[in-house]
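Chemist: This is the structure I want to talk about, given as structure tokens.
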Amino acid sequence: MQFRLILAALVAAPLAVSASISSVPGALPDSVGVPTAPAPAGRVSPSNPLPWYRPNHVVLQTGGGLGMIAGGAGFSLKDRLDLDILIGYVPEKYAGSALSLASAKLIYSPWSLPLHDKLTLKPLSVGGYFSYTHGTINDEEPDQYQPGYYWFSTDTRVGPLLGSRLSYALPATASGRSRNLSAYYEFSTNDLYIVSYVQNRRGLSPADILTLSLGLKLDI
Amino acid sequence: MRSFFRTPSVRALLPVAASLLLSSCDLLEFSPNDHRAPESERDLTAKNLAMLAQRPLPAGDTLRFVFTGDSQRFYDDAEDLVKSVNQQPGIQFMLVAGDISDFGFAREMRWINDDLRKLKVPYLTVVGNHDLVGNGRKAYEAIFGPRNYSFVYGDTKFIFVDTNGREYNFDGTAPDMTFVKRELADNSVRRHVIISHVPPQDEDFDPALSNSYVTALREDPRLVFELNGHRHAFSIGEVFGDGVTYINSSSFESRQYVVLTVWGDKQFRLKQVKF
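Listed below in structure tokens is the structure:
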């Protein structure tokens with residue numbers, strides 16, 4: 001039951017953010033008005049940028065070590081650099097205890113290839129992530145170990161990621177900002193898997209340490 | 001739809017697509033603590049015991065097995081160990097004295113199994129402190145099996161005990177003395193061998209339980225020896241001067257192991273092998 005509630009909350013969170021934000025332009029006084037003609041629909045309106053603190057998109061993904069399901073919001077810079085903040089969840093059945101994960105991903109996608117009038121491919125996305133896991137069974141307690149007993153953190157992971165993104169242009173927002181619905185995949189790994197591979201290049205292969213995430217991103 | 005799947009090229013692609021789908025499920029890791037695994041990589045203790053049961057040792061026959069420990073992030077060495085052990089004549093199984101993983105992740109346990117499943121003999125493990133980090137205890141139970149268990153082979157009972165007290169904050173549950181005493185009380189076999197990761201003289205053993213553990217072992221007339229890991233160095237001796245022999249295993253990266261041959265009531269011979 002608790003799991004269902006959390007799952008529902010995770011699914012609802014990005015939608016709620018989306019709804020609250022899309023309602024904002026209507027609330028803004030259009031009459032303050034820019035004297036120029038309104039920008040044609042479907043194109044970015046440079047005269048109406050989002051305030052810096054307002055997320056550009058919402059995200060929902062699975063895998064990548066960041067949750068069975070992870071949702072959140074993110075910021076974009078010049079359509080190339082994305083910073084996504086995610087909250088993820090793994091049920092007890094799959095990890096031994098119910099885990100909640102907070103993570104941040106920074107992704108750089110240098111190229112956009114138009115494929116079709118509505119489809120755009122970002123063939124390469126490179127970046128990294130940081131994640132913190134809450135809810136492990138044997139979390140280091142004060143005085144449980146001497147300092148340095150285990151050299152690694154059981155909760156905090158960092159890792160690189162590499163993937164691609166396919167975007168579909170949706171009708172622009174009322175305020176004229178273009179919007180995309182994108183699907184992406186990312187291969188990633190983490191610090192401890194990398195250490196394991198680097199020290200055992202005969203015994204392990206790069207494929208052994210890969211994880212995959214699949215996700216959706218919706219501009220708001 | 002039917003005819004689509006009957007097209008030869010599509011039929012040829014189906015297994016490829018299926019394996020891609022399977023491996024992508026495996027790749028879609030929810031967390032490093034995610035312990036899902038294909039059926040063939042779960043319950044490995046039970047699977048290895050089933051293999052052992054297919055090659056029974058007649059009562060009275062000499063018992064011979066390889067003893068090692070702490071495979072922990074030493075995958076290159078694991079490959080070489082397997083090659084070496086596969087050349088040992090007349091061995092019946094291999095025992096690994098815990099710390100199969102370094103970070104308590106199921107993926108690490110599966111990496112080690114990828115090597116050890118190439119052994120010509122079954123292998124059995126006891127849980128180590130590194131296997132209990134984070135959610136390791138559930139990963140170990142999923143990939144291998146219970147943290148306390150025993151089996152009888154020939155006329156010897158092997159008893160596997162979780163002695164990693166520090167991982168439970170010395171809460172009095174490890175070692176489970178009820179389990180230890182019940183297993184040592186089994187009079188239906190000729191000998192007992194007990195194997196655990198942290199030795200009782202170690203500071204990672206629950207100090208409130210070390211005395212009762214050592215006493216239980218001393219009072220068992222059937223005990224041949226106690227086997228440990230954790231210290232990454234081979235040693236043998238009567239640690240408490242009470243007639244009980246304690247043998248500590250080498251770790252995988254020290255590139256040696258021992259072959260133990262047991263006969264009679266409590267007689268044994270130990271051979272060190274370097275690889």
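Residue numbers (full-length UniProt numbering), protein chains in the order written: chain L, 1 to 220; chain G, 1 to 275.
Heads up, the beta-carbon is just placed ideally off N, CA and C, and yes, glycines get one too.
Taking the alpha-carbon positions, what's the residue 177 of chain G to residue 56 of chain L distance?
Modeler: So the alpha carbons of these two residues sit roughly 58 Å apart.
Chemist: Between residue 211 of chain G and residue 229 of chain G, is the Cβ-Cβ spacing less than 9 Å?
Modeler: Result no, Cβ atoms of residue 211 of chain G and residue 229 of chain G do not sit closer than 9 Å.
Chemist: Taking buried to mean at least 16 other C-beta atoms within 10 Å of its own C-beta, is residue 134 of chain L buried or exposed?
Modeler: Answer is exposed; the Cβ neighbour count stays below 16.
Chemist: For residue 134 of chain L, write down the residues that DSSP places opposite it in a beta bridge.
Modeler: Answer by DSSP bridge pairing, in chain order: L:100.
Chemist: What is the DSSP secondary structure of residue 190 of chain L, reduced to helix, strand or coil?
Modeler: If DSSP states are grouped into helix, strand and coil, residue 190 of chain L belongs with coil.
Chemist: List the whole-angstrom C-beta distance separating residue 81 of chain G from residue 234 of chain G, where the pair is believed to meet the contact cut-off of C-beta under 8 Å.
Modeler: Contact flag wrong, Cβ pair sits at about 14 Å.
Chemist: Less than 9 Å between CB atoms is the rule here; does residue 134 of chain G satisfy it with respect to chain L?
Modeler: Chain L contact via Cβ: present.
Chemist: For residue 141 of chain L, which residues in chain G fall below 9 Å Cβ to Cβ?
Modeler: By Cβ distance, chain G contributes 169.
Chemist: Starting from residue 70 of chain L, trace the beta strand (DSSP E) both ways and give me its first and last residue.
Modeler: 69-77 is the span of the beta strand (DSSP E), which, as asked, contains residue 70 of chain L.
Chemist: Step through the CB atoms of chain G and report whether any lies within less than 9 Å of the CB of residue 208 of chain L.
Modeler: Chain G contact via Cβ: present.
Chemist: Starting from residue 145 of chain L, find everything on chain G with Cβ-Cβ shorter than 8 Å and list it in chain order.
Modeler: Residues of chain G passing the Cβ test: 166.
Chemist: Starting from residue 41 of chain G, find everything on chain L with Cβ-Cβ shorter than 9 Å and list it in chain order.
Modeler: Within 9 Å Cβ-Cβ: nothing; residue 41 of chain G doesn't reach chain L, min ~13 Å.
Chemist: Cβ closer than 7 Å: which chain G residues qualify as neighbours of residue 152 of chain L?
Modeler: Within 7 Å Cβ-Cβ: 103.
Chemist: For the candidate residues G:96, G:90, G:62, whose alpha-carbon lies nearest to that of residue 78 of chain G?
Modeler: Ranking G:96, G:90, G:62 by Cα distance to residue 78 of chain G puts G:96 first.
Chemist: Please list the residues of the region 174-207 of chain L that have a C-beta atom closer than 7 Å to any C-beta atom in chain G, keeping them in chain order.
Modeler: Listed in sequence order: 190, 192, 196, 199, 200, 202, 203, 204.
Chemist: Is it true that the CB of residue 210 of chain L sits closer than 9 Å to the CB of residue 185 of chain L?
Modeler: The answer is no: Cβ separation not under 9 Å.
Chemist: Which residues in chain L have a C-beta closer than 7 Å to the C-beta of residue 73 of chain G? List them in chain order.
Modeler: Ordered by position in chain L, the residues that pass the 7 Å Cβ test against residue 73 of chain G are 196, 199.
Chemist: Compare the C-beta of residue 137 of chain G against all C-beta atoms of chain L and say whether one is closer than 9 Å.
Modeler: Answer yes: the Cβ-Cβ gap between residue 137 of chain G and chain L drops below 9 Å somewhere.
Chemist: Tell me the rounded alpha-carbon separation between residue 93 of chain G and residue 96 of chain L.
Modeler: Those two C-alpha atoms are separated by around 30 Å.
Chemist: Are the C-beta of residue 174 of chain G and some C-beta of chain L separated by less than 9 Å?
Modeler: Closer than 9 Å: no.
Chemist: Suppose you measure from the CA of residue 117 of chain L to the CA of residue 177 of chain L; what does that come to, to the nearest Å?
Modeler: So the alpha carbons of these two residues sit roughly 17 Å apart.
Chemist: For a cutoff of 9 Å on Cβ pairs, would you count residue 77 of chain G as touching chain L?
Modeler: Chain L, which has a Cβ nearer than 9 Å to the Cβ of residue 77 of chain G, makes this yes.
Chemist: Using the Cα positions of residue 195 of chain G and residue 149 of chain G, report the straight-line distance between them to the nearest angstrom.
Modeler: Whole-angstrom Cα-Cα distance: 10 Å.
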